[in-house]
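Trainee: Please see the structure below; I have some questions.
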Amino acid sequence: MPTRLIVSAPATGKTNASIDDIRAILEKYPLAKIRVIVPDRLQAAYFRRRLSASGGSIGVYVGTFSDLYKSILEKSGGYVPVVSNALLHRIVQDVVDTTPLVHYAPLRTQPGFILALKDAFAELKRALIYPEAFIESSRGSSLAQQELAQLYAAYQTQLRGMGWADFEGLSWLAVAALEEFPNLMEESMQLLVLDGFDSFIGTQRRIMQLLEKSTNLLITLPGNTTSPSRTAHRRFIRTFSTLQKGLSLELQEGNSTPFLPTEIAYVEKHLFESAPTAMIKPVQPFLRELRSPAEEAREALRWIKSLVIRNAIPLQECAIFAPNLDQYRPYLHSSALEFGLPVHFTQSDSLTSSPAITALIQLLNLPTQNFRTNALFKVLRSPYFSFGLPLETIDSLEEVSHLGMVVEGQEQWNEIWERLSFSSTDGPIDLDDERTLKNLPHGKAIQALQTHLDDFFQMIMPPEGVRSQTEWTRWLEDLLTTLQFHENSTGEQDEIALEGFREALRALVMSESIVGARVVDYQQYLSDLQNTLAGSALSEPSAPGASILIGNIREARGLRFKAVAIVGLSEGLFPSVERPDPFLPESLREELGLDSRLEREQSSLFYQAVTRADAHLLLTRPYLSEDGEAWEPSPYWNAVASLFEKDTSVQKIRPDDPRPLADAASSHELLFWAVRRKGLPQNYANLETRWKQLQHARDVIHARRAKRADGSNEGQIHDLQVDLAKRFAPEKIWSASRLETYGTCPQMFYVKTVLDLEATAPPSLGLDIAQVGSILHKVLEEAYRTADNPGDVNSVLKRLPEIAKSVFATAPQDFGFRPSELWELEQDQYLAILETTIVALADTSEGWTPMAYEQAFGIHDTPPLEIELDGEKVFLRGLIDRIDQNADGSLRVVDYKTGSTHLTKEDLIHGRRLQLPLYALAVKEALKLGQPVEGMYWKIRAAEAGSLKLSTFKSDTGEGIEGAVQTAKEHLIRILKGIRTGDFPPVPPKGGCPEYCPAAQWCWRYQKAGW
178 MPTRLIVSAP ATGKTNASID DIRAILEKYP LAKIRVIVPD RLQAAYFRRR LSASGGSIGV
238 YVGTFSDLYK SILEKSGGYV PVVSNALLHR IVQDVVDTTP LVHYAPLRTQ PGFILALKDA
298 FAELKRALIY PEAFIESSRG SSLAQQELAQ LYAAYQTQLR GMGWADFEGL SWLAVAALEE
358 FPNLMEESMQ LLVLDGFDSF IGTQRRIMQL LEKSTNLLIT LPGNTTSPSR TAHRRFIRTF
418 STLQKGLSLE LQEGNSTPFL PTEIAYVEKH LFESAPTAMI KPVQPFLREL RSPAEEAREA
478 LRWIKSLVIR NAIPLQECAI FAPNLDQYRP YLHSSALEFG LPVHFTQSDS LTSSPAITAL
538 IQLLNLPTQN FRTNALFKVL RSPYFSFGLP LETIDSLEEV SHLGMVVEGQ EQWNEIWERL
598 SFSSTDGPID LDDERTLKNL PHGKAIQALQ THLDDFFQMI MPPEGVRSQT EWTRWLEDLL
658 TTLQFHENST GEQDEIALEG FREALRALVM SESIVGARVV DYQQYLSDLQ NTLAGSALSE
718 PSAPGASILI GNIREARGLR FKAVAIVGLS EGLFPSVERP DPFLPESLRE ELGLDSRLER
778 EQSSLFYQAV TRADAHLLLT RPYLSEDGEA WEPSPYWNAV ASLFEKDTSV QKIRPDDPRP
838 LADAASSHEL LFWAVRRKGL PQNYANLETR WKQLQHARDV IHARRAKRAD GSNEGQIHDL
898 QVDLAKRFAP EKIWSASRLE TYGTCPQMFY VKTVLDLEAT APPSLGLDIA QVGSILHKVL
958 EEAYRTADNP GDVNSVLKRL PEIAKSVFAT APQDFGFRPS ELWELEQDQY LAILETTIVA
1018 LADTSEGWTP MAYEQAFGIH DTPPLEIELD GEKVFLRGLI DRIDQNADGS LRVVDYKTGS
1078 THLTKEDLIH GRRLQLPLYA LAVKEALKLG QPVEGMYWKI RAAEAGSLKL STFKSDTGEG
1138 IEGAVQTAKE HLIRILKGIR TGDFPPVPPK GGCPEYCPAA QWCWRYQKAG W
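Sequence positions in the sequence shown follow my numbering and run 178 to 1188.
Put into structure tokens, the structure is as follows:
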């Protein structure tokens, strides 16, 4: 019997016509059995509501093609169980493992390969491509195609041997049943309605062909057969042409006038056509350009909330569609929470997106990653596991890992435990910014830490060797029970995720009972588990009441709403970039009759989407890319905008544009907009408290944007003067480098010294600047000290290689770093640097002979430098790298520097470098070694002296060493006063801030530069 086909434009009543037919049959034959097939569950629910609203749906079954396949198989008695996703993954994995491969051999162990094969097999099955036909067509073709055909055939053979079917295999079995029993469904279905489709795949078309002989078929299709060349209808015309070839069609042209608002109907009529002769002007712009996808999400939800409140449109009558839901989902989710709008996403996240499952995977990956330190502490701090470790213990362990440079592995931990157990308990001496090394716990203090960590390693270390997946799963369940993983996962979303996780474990175990034991090592088991979890969906928590539907733009077909927003209409987002399939290339697709990946007629999808709204339509797009470049509109955006009078349909909304407070969708947004308007109207008195808090925040921001740092919001904490004066009392012994910190930037001193904060980088291989400086200082000291004649450059160079070798050999232990693979090369580089610098230093030291090295004052038993300042004695300590003497007994102070910047006269004048004059004063007054007449910084790497020379120093305070010392004293007075009175403004030094400043990550005045 012929198949009736209703073809008409979207929103012209095709679904209503189908319902009218159903109602007419039921009125005449109340016991008639009618089945309605729609593309997905979403449309099934929608059709049921429409049918129920028309007067009832008794006797009508609404479902999808998969439901029809199951009914056919149940009727034929040939229904077979459907494999789960986990079992399917196992089958494909077994096929890959047992099939001889050459082209795809390198991909065997790649998780993505299994997933890609599953998708390819599913597409082949949906197109009704049998393995035998695929193998035949592959003869003489590429090796890749031949191997894909072999894998496909082996996969299907395995399924048949098990007596199971995959999801797509149900359609094959249904086709076979109908081919064997053509009248199988004659008594079970008097009418079959197919509504909401715009295309049909091979198995669906074959089922319709077979059912046409015994069942009345009614198909609805969007489009218009009288205008086959229209761009918006190409997809539909192609489907119509395909149906004509396989079915006996009785064409029924539907209503040509869509039931749409004027503007939307106008778009439907002219979209992708030549511009109409008489353009119209919309009532208000409905194309809105926003800065970013995040702003689009806010605008779309704000627009819907306005319609819900002002126009009383029910939430369930509103929808948002995006071309890529993965990209827009986080923005829509967060904005919906802020706006208080319940939403429902049609596509579930992967189970691996759950925080609980993410934490679990991080835990299980630790052994395979050799307990990488960063990952280790993420797991130890996770709230999902109970390791029995106090937070203080975890903090101490992390401190050890940072200071001991533990990058990964139990071996490195054991090394640091052994080193620390025999180390001195003395803390590091505050020498200078290049040589202050890190302090570690020592001796007995580390024994408890070691025990805790060893217990942790033992607890989560998987057994060695291979085991079945069932045995691995049992081990995993025991571990999670010990860690109280299930008890700690208390949130609603966590409980949903755990149910999915338990289902994944059940599937892995069940796969072995069906297919046989899969004996693998831990890493392979973990890979199988992760792939199973990645293929499992994370359901949304149940939300009572109505909600806004948010879906992919492909899901808009067949649905209708009062208000529809479509986001993402910029170039590259929609239409999306089409790429060929690496497994099923276009040439093969054409040969097999598969749909092309490059000609998907996305314009037809857009055409249908814009006609989903019965009353209100909003289109949005981002106008700036992530890198701040202009983002061109989609051609579909341009196609709509070109239908209206210029500058009437498009509105660009910039973040700084003032907007009416009444349009704010949340109190947060209202206050944010009010701040920009610089006032909150009196009718918002309930927000007064929060408004005052924002005013205070505004004052803080204004202070921090001022050119000059000043006030309580810029480092002035005078309320702490008493505490600061007590803490930094006159009897405190200072290092010059500590005082230089204040002179460089008071805020850096506050964070580093007052708050005792330190910037910590993840443990890594290699040396930091302090360790390099310490090593080079050590080699230079020993080379000069042990030379037969330290004043003879050749004598020093002769000792250098042996000294360097000795220092380098124990440097990792002595200076606390973990060598990288470049350590051998770095030693050669450092040796070359030292050779060059010794020669260059000798060239500038004619008449000077080294007499003292690493000369300490104020350290251990040596007396500090005492300076009388304004009736107060200031005590200083330090370590002078080298003191030289000339023939008449005068002295020269030399201070080694690994870096090459900020060693000028101006740095002393501005208080950033105080060491040199203070060290010269210490030589004379604290150490009583004689009268210094010269002082200089020596740049080790650059092999040259800094431009500051004490003998030639000039400033307003005086000249020479005396002038330099007086300048340093004046800075000491200023610095100590600032510290004790709580004056710590952030003042970036000229040339930028040092990268080692602990406030660099958050300081609002930080200026990056090289130090």
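All C-beta atoms in this analysis are idealised placements derived from N, C-alpha and C, irrespective of residue type, glycine included.
1) Quick check on Ala1009: buried or exposed, where buried means 16 or more other Cβ atoms within 10 Å of its Cβ?
2) Taking the beta strand (DSSP E) that Ile396 falls in, what are its first and last residues?
3) What are the residues that DSSP puts in a beta bridge with Asp698?
4) Sort Leu1125, Leu657, Lys1116 and Arg1089 by Cα distance to Gly1076 and report the nearest one.
5) So, for Thr275: in the same chain, excluding its five sequence neighbours on each side, which residues have a beta-carbon less than 8 Å away from its beta-carbon?
6) Determine the extent of the beta strand (DSSP E) in which Leu794 is found, giving its start and end residues.
7) Determine, using beta carbons only, whether Val584 and Leu942 come nearer to each other than 7 Å.
8) Using the Cα positions of Gln539 and Glu672, report the straight-line distance between them to the nearest angstrom.
9) In the stretch 432 to 478, which residue ranges form an unbroken alpha helix (DSSP H) of at least 4 residues, counting only runs that do not cross its ends?
10) Is the stretch 709 to 729 close to the stretch 776 to 793, with three or more CB pairs under 8 Å?
11) Decide if the stretch 700 to 707 is in contact with the stretch 752 to 759; the criterion is three or more beta carbon pairs, one per stretch, under 8 Å apart.
12) How close, in whole Å, do the beta carbons of Pro1027 and Arg1059 come, if the pair is a contact with beta carbons under 8 Å?
13) Answer with buried or exposed for Ile878, where buried requires no fewer than 16 other C-beta atoms within 10 angstroms of its C-beta.
14) Can you tell me the Cβ-Cβ gap for Arg226 and Thr192, rounded? I've got them flagged as a contact below 8 Å.
15) Are Leu1068 and Gln1062 close, meaning C-beta to C-beta below 7 Å?
16) Ignoring anything shorter than 4 residues or poking outside the stretch 506 to 553, list the alpha helix (DSSP H) runs there in chain order.
17) Please report how far the alpha carbon of Glu832 lies from the alpha carbon of Ser826, in whole angstroms.
18) When we look at the beta-carbon of Thr1204 and count the other beta-carbons within 10 Å, is it buried (16 or more) or exposed?
19) Could you pull out every residue in the same chain whose Cβ sits closer than 8 Å to the Cβ of Trp652, ignoring the five residues on either side in sequence?
20) Measure from the alpha carbon of Gly856 to the alpha carbon of each residue in Ala842, Ser843 and Arg875, then state which is nearest.
21) Check whether the Cβ atoms of Leu977 and Ala960 sit closer than 7 Å, and answer yes or no.
22) Could you say which of Arg1090, Ser185, Ile384 and Gly586 lies nearest to Cys922 if we only look at CA atoms?
23) Using CA atoms only, rank isn't needed, just tell me which of Glu313, Arg303 and Tyr329 is closest to Val352.
24) Would you mind working out which of Glu357, Asp198, Tyr223 and Ile268 sits nearest Gly255, comparing C-alpha positions?
25) Taking all protein chains shown into account, do 16 or more other C-beta atoms lie within 10 angstroms of the C-beta of Lys849, making it buried, or fewer, making it exposed?
26) Leaving out five residues on either side along the sequence, give the residues of the same chain with a beta carbon under 7 Å from the beta carbon of Leu1046.
27) Using the rule of at least 16 other Cβ atoms within 10 Å of the residue's Cβ for burial, across every protein chain shown, is Ala842 buried or exposed?
28) For Leu715 and His447, what's the separation of their Cα atoms in angstroms?
29) Thinking C-beta only, is Val215 closer than 7 Å to Gly373?
30) Please determine, among Glu1111, Leu424 and Phe821, the residue with the shortest C-alpha to C-alpha distance to Ala455.
31) Within 10 angstroms of the Cβ of Pro799, are there 16 or more other Cβ atoms? Answer buried if so, exposed if not.
32) Using a 10 Å radius around the Cβ and a threshold of 16 neighbouring Cβ atoms, would you call Ile486 buried or exposed?
33) Express the C-alpha separation of His510 and Gln518 in angstroms, rounding to a whole number.
34) So is Gly1066 in contact with chain C if we call contact Cβ pairs under 7 Å?
35) Please go through the same chain and pick out, in chain order, the residues whose beta-carbon is closer than 8 Å to the beta-carbon of Asp824, but skip the five residues on each side of it.
36) Only counting the same chain, and skipping five residues up and downstream in sequence, which positions put a Cβ closer than 8 Å to that of Glu891?
Mentor: Reading off the structure:
1) Residue 1009 sits at position 832 when you count from the first residue of the sequence shown. Ala1009 should be labelled exposed.
2) For the purposes of this step, residue 396 is taken as residue 219 along the sequence shown, with counting starting at 1. Counting along the chain, the beta strand (DSSP E) containing Ile396 begins and ends at Asn393 to Pro399.
3) Here residue 698 corresponds to residue number 521 of the sequence shown, with the count starting at 1. Answer is Val643.
4) For the purposes of this step, residue 1076 is identified with residue 899 of the sequence shown, where counting begins at 1. The shortest Cα separation from Gly1076 among Leu1125, Leu657, Lys1116 and Arg1089 belongs to Lys1116.
5) Reading the sequence shown from its first residue, position 98 is the one you call residue 275. The residues are Ala331.
6) Here residue 794 refers to the residue found at position 617 when the sequence shown is read from its first residue. First-last of the beta strand (DSSP E) with Leu794: Ala790 to Pro799.
7) In the sequence shown, the residue the question calls residue 584 occupies position 407. In the sequence shown, the residue the question calls residue 942 occupies position 765. Yes, Cβ-Cβ distance for Val584 and Leu942 is below 7 Å.
8) Taking the first residue of the sequence shown as 1, we reach residue 539 at position 362. Taking the first residue of the sequence shown as 1, we reach residue 672 at position 495. Distance between the alpha carbons of Gln539 and Glu672 is about 19 Å.
9) 439 to 447
10) no
11) no
12) In the sequence shown, residue 1027 corresponds to position 850, counting from 1. In the sequence shown, residue 1059 corresponds to position 882, counting from 1. That pair is a contact at about 6 Å.
13) In the sequence shown, residue 878 corresponds to position 701, counting from 1. That one is exposed.
14) Taking the first residue of the sequence shown as 1, we reach residue 226 at position 49. Taking the first residue of the sequence shown as 1, we reach residue 192 at position 15. No, Arg226 and Thr192 are not in contact; Cβ-Cβ is about 11 Å, not under 8 Å.
15) In the sequence shown, counting from the first residue as 1, residue 1068 sits at position 891. In the sequence shown, counting from the first residue as 1, residue 1062 sits at position 885. Yes. Within cutoff.
16) 532 to 542
17) By one-based count along the sequence shown, residue 832 stands at place 655. By one-based count along the sequence shown, residue 826 stands at place 649. Per the sequence presented here, residue 832 reads as Pro, with Glu not at that position. Roughly 20 Å separates the two Cα atoms.
18) Only positions 178 to 1188 of the chain appear in this structure, which leaves residue 1204 out of reach.
19) Residue 652 sits at position 475 when you count from the first residue of the sequence shown. Same-chain partners within the cutoff: Pro639, Pro640 and Arg644.
20) As a position in the sequence shown, residue 856 is number 679, starting the count at 1. Ranking Ala842, Ser843 and Arg875 by Cα distance to Gly856 puts Arg875 first.
21) Numbered from 1 along the sequence shown, position 800 holds the residue referred to as residue 977. Numbered from 1 along the sequence shown, position 783 holds the residue referred to as residue 960. Yes, the pair counts as a contact, with Cβ atoms nearer than the cut-off.
22) Residue 922 sits at position 745 when you count from the first residue of the sequence shown. The option with the nearest alpha carbon to Cys922 is Arg1090.
23) For the purposes of this step, residue 352 is taken as residue 175 along the sequence shown, with counting starting at 1. It is Arg303 whose Cα lies nearest to the Cα of Val352.
24) The sequence position of residue 255 within the sequence shown is 78, counting from 1. If we check each option's Cα against that of Gly255, Glu357 comes out closest.
25) In the sequence shown, the residue the question calls residue 849 occupies position 672. Here residue 849 is Phe; the residue named in the question, Lys, does not match the sequence. With fewer than 16 Cβ atoms within 10 Å of its Cβ, Phe849 is classed as exposed.
26) The residue labelled residue 1046 in the question sits at position 869 within the sequence shown. Here the set comprises Lys1146, Leu1149 and Ile1150.
27) Here residue 842 corresponds to residue number 665 of the sequence shown, with the count starting at 1. So Ala842 counts as buried.
28) By 1-based counting over the sequence shown, the position of residue 715 is 538. By 1-based counting over the sequence shown, the position of residue 447 is 270. Rounded to the nearest angstrom, the two C-alpha atoms are 41 Å apart.
29) If you number the sequence shown from 1, residue 373 lands on position 196. If you number the sequence shown from 1, residue 215 lands on position 38. Yes.
30) Translated into positions along the sequence shown, residue 455 becomes position 278. The residue with the shortest Cα to Cα distance from Ala455 is Phe821.
31) Residue numbering aside, residue 799 sits at position 622 when the sequence shown is read from its first letter. It is buried - the Cβ of Pro799 has at least 16 other Cβ atoms within 10 Å.
32) Position 309 of the sequence shown, counted from the first residue, corresponds to residue 486. By the 10 Å Cβ count, Ile486 comes out exposed.
33) The count along the sequence shown starts at 1 and reaches residue 518 at position 341. The count along the sequence shown starts at 1 and reaches residue 510 at position 333. The residue asked about is misnamed: residue 518 is Leu in this sequence, not Gln. Going from the Cα of Leu518 to the Cα of His510 covers about 9 Å.
34) Annotation note: the requested chain C is absent from the structure, which comprises a single protein chain.
35) As a first step, residue 824 is located in the sequence shown; it is residue number 647 there, counting from the start. Excluding positions up to five away in sequence, the list is empty.
36) Residue numbering aside, residue 891 sits at position 714 when the sequence shown is read from its first letter. Correct list, in chain order: Ala880, Arg881, Ala883, Pro1162 and Pro1163.
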